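Colleague: To convert, note that position 57 of the sequence shown is 60 in my numbering; the numbers rise steadily by one, no gaps.
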Amino acid sequence: MPPVKLKEGSHDGEVKMVDRLANSEANSKRIGVVEGCFGAAGQPLAIPGRVLIGEGVLTKLCRKKPKARQFFLFNDILVYGNIVIQKKKYNKQHIIPLESVTIDTVPDEGDLRNGWLIKTPTKSFAVYAATATEKSEWMNHIAKCVGDLLTKSGKAPSGEHAAVWVPDSEATVCMRCLKVKFTPVSRRHHCRKCGFVVCGPCSEKKYLLPSQSSKPVRVCEFCYVQLTSAGGGYAPRSDSFGRQGFNSNLSDDEDEDDSSD
Ligand SMILES: [Zn+2]
Ligand SMILES: [Zn+2]
4 MPPVKLKEGS
14 HDGEVKMVDR
24 LANSEANSKR
34 IGVVEGCFGA
44 AGQPLAIPGR
54 VLIGEGVLTK
64 LCRKKPKARQ
74 FFLFNDILVY
84 GNIVIQKKKY
94 NKQHIIPLES
104 VTIDTVPDEG
114 DLRNGWLIKT
124 PTKSFAVYAA
134 TATEKSEWMN
144 HIAKCVGDLL
154 TKSGKAPSGE
164 HAAVWVPDSE
174 ATVCMRCLKV
184 KFTPVSRRHH
194 CRKCGFVVCG
204 PCSEKKYLLP
214 SQSSKPVRVC
224 EFCYVQLTSA
234 GGGYAPRSDS
244 FGRQGFNSNL
254 SDDEDEDDSS
264 D
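Rendered as structure tokens:
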């Protein structure tokens, strides 16, 4: 289902439309239905002033492969989850505050068409709509919601965002050393700074990226040098981030991917 179309027209007209919806019974009902679909594991979604703008299935590019996810666009948050039963039951709810979202179109490539990036300080990923029309509806509505929020708060658009991870399938060799071939033994890792697929030896370092995690996260050698050079921001954790921490986290990419998708 494509996003609900707001009335075309002037900026003021659309805002009024949203205000009217916010107080309407229909809006509360629709938000209640969404809450119900996520069940007890989901967060409460009904708060004063929140409006459900639209909803639909988008293909989210995950680490291993593209997967269908149900998305709900509200005027202040974007919510998505796994589809258990279409239009009835969703789980693994994710809530993204729109204020920190920036979007970017993605050129069509092969089967992956009508896509754009959803970038936030904590997580960034690509999604794909079924048609070019749906894509532009989604992008326009998201951009408008973000714009309205920033106008209201007086804040600047989010400058920082997490790297979009390059899917595993895009790299048969390490994207940094270009030598190490990935195998079941020589596993793929993701640099949290650049999003490249890299080998273990090229990503032995960890670095504190506070917007992504309270603990230092895996970065590639290239990014580590950049981050630790003058003006690179946060000071790295001590060199003692040695084998122990690294070994205990050998499967961190895997776990995080599972939990985030
Ligand atoms: Zn490498
Ligand atoms: Zn990197």
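Even for Gly, the Cβ is constructed at its ideal location relative to N, Cα and C. What you are looking at is a predicted structure, and each value in this text was computed from that prediction instead of being measured.
1. Can you tell me the Cα-Cα spacing of His-164 and Ser-189, whole angstroms?
2. Expressed to the nearest angstrom, what Euclidean distance is found between the alpha-carbon atoms of Asp-74 and Leu-61?
3. Using DSSP with H/G/I as helix, E/B as strand and the rest coil, what is Pro-204?
4. Between Ser-206 and Cys-194, how many whole angstroms is the CB-CB distance? I'm expecting something under 8 Å.
5. Please state whether DSSP places Val-36 in a helix, a strand or coil.
6. Is Val-279 close to ligand 1? I mean its beta-carbon at under 8 Å from any heavy atom of the ligand.
7. Using a strict less-than 5 Å threshold between each residue's beta carbon and the heavy atoms of ligand 2, what residues do you get?
8. Starting from the N-terminal side, write out each stretch of the alpha helix (DSSP H) that is 4 residues or longer and does not extend beyond the stretch 60-135.
9. Do the stretch 29-43 and the stretch 79-92 make contact, defined as three or more Cβ pairs closer than 8 Å?
10. Since Val-183 and Pro-204 are thought to touch, with beta carbons under 8 Å apart, how far apart are those beta carbons, to the nearest angstrom?
11. Step through the CB atoms of chain B and report whether any lies within less than 9 Å of the CB of Thr-231.
12. DSSP state of Leu-152, grouped into three classes?
13. Quick check: is any heavy atom of ligand 1 less than 8 Å from the C-beta of Arg-179?
14. For the beta strand (DSSP E) that Val-220 lies in, which residues bound it at each end?
15. Look at the Cβ atom of Gln-121, then the Cβ atom of Ile-88, and state whether they are nearer than 9 Å.
16. Please state if the CB of Val-220 and the CB of Tyr-210 are separated by a distance shorter than 9 Å.
17. Can you tell me which of the three DSSP states Glu-163 falls into?
18. Nearest-angstrom Cα distance between Gly-162 and Glu-102?
19. Do you know how far the Cα of Gly-59 is from the Cα of Cys-65?
20. Judging by CA-CA distance, which residue of Leu-212, Val-104, Pro-69 and Thr-154 is the nearest neighbour of Asp-171?
Modeller: According to the structure shown:
1. Approximately 29 Å, taken between the alpha carbons.
2. In the sequence as presented, Asp is not what sits at residue 74; that position holds Phe. If I take the Cα positions, the gap works out to 7 Å.
3. helix
4. 6 Å
5. Three-state result, Val-36: helix.
6. Residue 279 lies beyond the residue range present for the chain, which begins at 4 and ends at 264; the question has no answer from this structure.
7. Cys-194, Lys-196, Cys-197, Cys-223 and Cys-226
8. Runs found: none.
9. yes
10. 7 Å
11. Of the protein chains in this structure there is only one, and it is not chain B.
12. The answer is helix: DSSP assigns Leu-152 an H, G or I state.
13. yes
14. In the DSSP assignment, Val-220 falls within the beta strand (DSSP E) that extends over 220-222.
15. What sits at residue 121 in the sequence shown is Ile, not Gln. No.
16. yes
17. coil
18. 11 Å
19. 18 Å
20. Nearest option by C-alpha distance: Pro-69.
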